[in-house]
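J.: I'd like to ask you about the structure that follows.
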Ligand SMILES: *Cc1c(COP(=O)(O)O)cnc(C)c1O
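Numbering (the working numbering), first residue to last: 79 to 460.
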């Protein structure tokens with residue numbers, strides 16, 4: 079990113095040499111991203127983060143339709159999406175769209191049958207996340223897209239086709255994000271979840287998918303996202319994606335081992351520990367990836383998650399309660415509630431996220447101090 083702050087400072091839209099160098103860098107980044115997503119270069123839109131990509135995807139499709147008393151257009155999502163999806167759809171509900179929030183099972187999976195049943199003639203858009211940010215559930219996107227394609231094939235030429243969007247922020251570091259295999263029309267990624275720069279994002283938009291922009295101006299990014307491009311950000315985002323995707327198999331295996339070690343040890347050391355989300359150690363799932371390798375969401379019965387988080391912070395251990403991006407609110411996590419847990423358990427749940435800097439030694443440090451802290455909190459809270 080460094081040279082693009084100073085040395086190649088030019089505006090990519092300008093025709094002088096300094097500008098062209100910046101433009102070349104953006105197009106190089108676009109090529110890198112397209113080769114990872116296995117899509118055309120022209121199908122990549124750079125944005126200022128996942129929230130923006132999601133807004134562009136959802137409003138961009140919805141704005142093709144004008145709901146009225148006769149036509150109430152219909153959108154399908156899941157109950158466990160990120161707030162960027164849920165709040166956008168709440169706004170679209172206010173504007174007259176009808177939204178179905180699919181339930182999930184006790185592990186957080188959306189079922190293909192539920193999706194098939196929810197589709198109506200008025201359905202125009204489906205948005206289901208690739209992997210959940212709180213409990214790590216990996217949704218069967220390729221399976222879900224088959225149902226949508228089948229529905230689209232059966233529709234008359236005059237009927238609108240259903241567009242399928244997936245929020246893949248959490249998946250980008252660990253899973254295959256080949257859009258052909260996933261069968262999606264729109265896919266959101268961001269830099270901040272893959273060690274890239276914050277406020278950088280990608281929207282994959284399959285050719286012939288008509289999106290209406292909501293940012294107007296100089297017409298950058300094919301008119302879908304006007305405004306001078308964030309050249310260092312785009313360069314950094316593409317490089318980050320390249321690096322995590324290159325190392326994903328190795329890192330996946332390393333973290334899975336650490337994750338399962340931690341889950342086993344913590345359950346052994348602390349009575350009444352509950353794991354939330356899918357358990358990959360179960361025999362049924364040996365050959366399937368069903369949980370992100372970096373996600374551990376647990377609760378200790380009777381221990382308030384927020385109190386525990388603050389206590390752990392004083393030991394330099396950083397954990398999250400609910401979704402990291404919305405921790406200003408103390409509402410119980412909508413995701414933990416959606417998998418059927420009580421508000422008490424939802425308030426007790428905390429998330430240990432593993433990453434590149436996580437080692438067995440660091441986990442052992444946590445495993446050493448955690449039992450005492452939990453016992454202390456149980457004592458004072460009971
Ligand atoms: C972090 C995250 C977002 C929001 O990303 P920003 O870059 O902060 O806008 C959206 N969806 C998921 C699943 C996320 O994890």
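Ideal placement from N, C-alpha and C gives every residue a C-beta, glycine not left out. Treat the numbers as computed from the prediction; the structure is a model and nothing was measured.
1. If we call anything under 9 Å between Cβ atoms a contact, is residue 136 one with residue 166?
2. How many whole angstroms separate the CB atoms of residue 397 and residue 428, which I take to be in contact at a CB cut-off of 8 Å?
3. Counting Cβ pairs, one atom from each stretch, are 3 or more of them under 8 Å apart for the stretch 212-220 and the stretch 178-194?
4. Give me, in chain order, the residues of the same chain whose beta-carbon lies closer than 6 Å to that of residue 377; leave out the 5 immediate sequence neighbours on both sides.
5. What's the C-alpha gap between residue 106 and residue 243?
6. May I ask you to report which of helix, strand or coil DSSP gives residue 118?
7. How many angstroms separate the CA atom of residue 452 from the CA atom of residue 383?
8. Starting from the N-terminal side, write out each stretch of the alpha helix (DSSP H) that is 4 residues or longer and does not extend beyond the stretch 401-441.
9. Excluding the 5 residues flanking residue 43 on each side, which residues of the same chain have their C-beta closer than 7 Å to its C-beta?
10. State the Cα-Cα distance for the pair residue 434 and residue 329, rounded to the nearest angstrom.
11. If you draw a straight line from the C-alpha of residue 155 to the C-alpha of residue 177, how long is it?
12. Should the stretch 320-337 be called in touch with the stretch 275-282, which here means at least 3 C-beta pairs below 8 Å?
13. Count the other C-beta atoms from every protein chain shown that fall within 10 angstroms of the C-beta of residue 314, then say buried if there are 16 or more, exposed otherwise.
14. Please tell me whether, using a cut-off of 8 Å, the distance from the CB of residue 132 to the nearest non-hydrogen atom of ligand 1 is below it.
15. My output table needs one value for residue 374: the three-state DSSP class, helix, strand or coil.
16. At what residues does the beta strand (DSSP E) containing residue 280 begin and finish?
17. Any chance you could list the beta strand (DSSP E) runs of at least 3 consecutive residues sitting entirely within the stretch 241-273, in chain order?
18. Can you tell me the Cα-Cα spacing of residue 302 and residue 145, whole angstroms?
19. Within 8 Å: the Cβ of residue 47 and any heavy atom of ligand 1?
20. Mind checking whether residue 245 and residue 160 have CB atoms under 9 Å apart?
21. State the start and end residues of the unbroken beta strand (DSSP E) segment that holds residue 176.
22. Mind checking residue 101: buried by the 16 CB within 10 Å criterion, or exposed?
23. Residue ranges of each alpha helix (DSSP H) run of no fewer than 4 residues wholly in the stretch 121-180, ordered along the chain?
24. Return yes when at least one heavy atom of ligand 1 lies under 8 Å from the C-beta of residue 135, else no.
25. Please go through the stretch 282-357 and give each complete alpha helix (DSSP H) segment of 4 or more residues, from N-terminal end onward.
26. Does the distance from the CB of residue 247 to the CB of residue 222 come in under 9 Å?
27. Pull up the DSSP beta-bridge partners for residue 386, would you.
28. Which residues in the same chain as residue 290 place their Cβ atom closer than 7 Å to its Cβ, once the five residues preceding and following it in sequence are excluded?
29. In the DSSP assignment, the alpha helix (DSSP H) including residue 202 goes from what residue to what residue?
30. Since residue 416 contacts residue 182 with CB under 8 Å, what's their CB separation in whole angstroms?
31. Shortest alpha-carbon distance to residue 318 belongs to which of 337, 251 and 257?
32. From this set, 80, 208 and 458, which residue's C-alpha is nearest residue 381's C-alpha?
33. Check each candidate in 390, 379 and 421 and name the one with the smallest Cα separation from residue 446.
34. Could you compute how far the alpha carbon of residue 153 sits from the alpha carbon of residue 430?
35. By alpha-carbon positions, which one of 122, 195 and 207 ends up nearest to residue 162?
36. What residues match up with residue 215 in a beta bridge as DSSP calls it?
T.: The short version:
1. By 1-based counting over the chain shown, the position of residue 136 is 58. By 1-based counting over the chain shown, the position of residue 166 is 88. Their beta carbons are under 9 Å apart, which means residue 136 touches residue 166 by this criterion.
2. Taking the first residue of the chain shown as 1, we reach residue 397 at position 319. Taking the first residue of the chain shown as 1, we reach residue 428 at position 350. About 5 Å separates the two Cβ atoms, so the contact holds.
3. yes
4. For this step, residue 377 is matched to residue 299 along the chain shown. Closer than 6 Å at the Cβ level, and outside the excluded window around residue 377, lie 352, 423, 426 and 427.
5. The sequence position of residue 106 within the chain shown is 28, counting from 1. The sequence position of residue 243 within the chain shown is 165, counting from 1. Computed Cα separation, rounded: 25 Å.
6. Here residue 118 refers to the residue found at position 40 when the chain shown is read from its first residue. Residue 118: coil per DSSP, three-state reduction.
7. Counting from one through the chain shown, the residue named residue 452 turns up at place 374. Counting from one through the chain shown, the residue named residue 383 turns up at place 305. Approximately 10 Å between the Cα atoms of the pair.
8. 412-416 and 421-426
9. Residue 43 lies beyond the range of the chain shown here (79 to 460); nothing can be said about it.
10. Against the chain shown, residue 434 aligns to sequence position 356. Against the chain shown, residue 329 aligns to sequence position 251. If I take the Cα positions, the gap works out to 8 Å.
11. Here residue 155 refers to the residue found at position 77 when the chain shown is read from its first residue. Here residue 177 refers to the residue found at position 99 when the chain shown is read from its first residue. So the two alpha carbons sit approximately 7 Å from each other.
12. no
13. Translated into positions along the chain shown, residue 314 becomes position 236. Buried, since its Cβ has 16 or more Cβ neighbours within 10 Å.
14. Reading the chain shown from its first residue, position 54 is the one you call residue 132. True, at least one ligand heavy atom lies under 8 Å from that Cβ.
15. Your numbering for residue 374 matches position 296 in the chain shown. Strand.
16. The residue you call residue 280 lines up with position 202 of the chain shown. Note, residue 280: beta strand (DSSP E), 279-283.
17. 241-245 and 264-268
18. Taking the chain shown and counting its residues from 1, the one referred to as residue 302 is at position 224. Taking the chain shown and counting its residues from 1, the one referred to as residue 145 is at position 67. Approximately 23 Å between the Cα atoms of the pair.
19. Here the chain comprises residues numbered 79 to 460, so residue 47 is not present and cannot be evaluated.
20. By 1-based counting over the chain shown, the position of residue 245 is 167. By 1-based counting over the chain shown, the position of residue 160 is 82. Taking 9 Å as the Cβ cut-off, residue 245 and residue 160 qualify as a contacting pair.
21. On the chain shown, residue 176 is found 98 positions in, with the first residue counted as 1. Counting along the chain, the beta strand (DSSP E) containing residue 176 begins and ends at 176-180.
22. To locate residue 101, count along the chain shown from 1; it is residue 23. The residue is buried, with at least 16 neighbouring Cβ atoms inside 10 Å.
23. 128-140 and 161-172
24. Residue numbering aside, residue 135 sits at position 57 when the chain shown is read from its first letter. Because no heavy atom of ligand 1 lies under 8 Å away, the Cβ of residue 135 does not count as near it: no.
25. 309-347
26. Counting from one through the chain shown, the residue named residue 247 turns up at place 169. Counting from one through the chain shown, the residue named residue 222 turns up at place 144. No; because the gap between Cβ atoms is not below 9 Å, this pair is not in contact.
27. If you number the chain shown from 1, residue 386 lands on position 308. None; residue 386 has no bridge partner.
28. Sequence index remark: in the chain shown, residue 290 carries index 212 (1-based). So the list reads 138, 141 and 142, once near-sequence residues are dropped.
29. The residue you call residue 202 lines up with position 124 of the chain shown. Counting along the chain, residue 202 falls outside any alpha helix (DSSP H), though it belongs to the beta strand (DSSP E) covering 201-205.
30. As a working mapping, residue 416 is identified with position 338 in the chain shown. As a working mapping, residue 182 is identified with position 104 in the chain shown. That belief holds up - the Cβ atoms of residue 416 and residue 182 are roughly 5 Å apart, short of 8 Å.
31. What you label residue 318 is simply residue 240 of the chain shown in a count that begins at 1. Ranking 337, 251 and 257 by Cα distance to residue 318 puts 251 first.
32. Residue mapping note: residue 381 aligns to position 303 of the chain shown, counting from 1. Out of 80, 208 and 458, 458 has the C-alpha closest to the C-alpha of residue 381.
33. In the chain shown, the residue the question calls residue 446 occupies position 368. Checked all of 390, 379 and 421; the closest Cα to residue 446 is 390.
34. Here the question's residue 153 lines up with position 75 in the chain shown. Here the question's residue 430 lines up with position 352 in the chain shown. Rounded to whole angstroms, residue 153 to residue 430 spans 33 Å at the Cα level.
35. The sequence position of residue 162 within the chain shown is 84, counting from 1. Residue 207 is the option with its Cα nearest to residue 162.
36. Here residue 215 refers to the residue found at position 137 of the chain shown. Beta-bridge pairing links residue 215 to 369.
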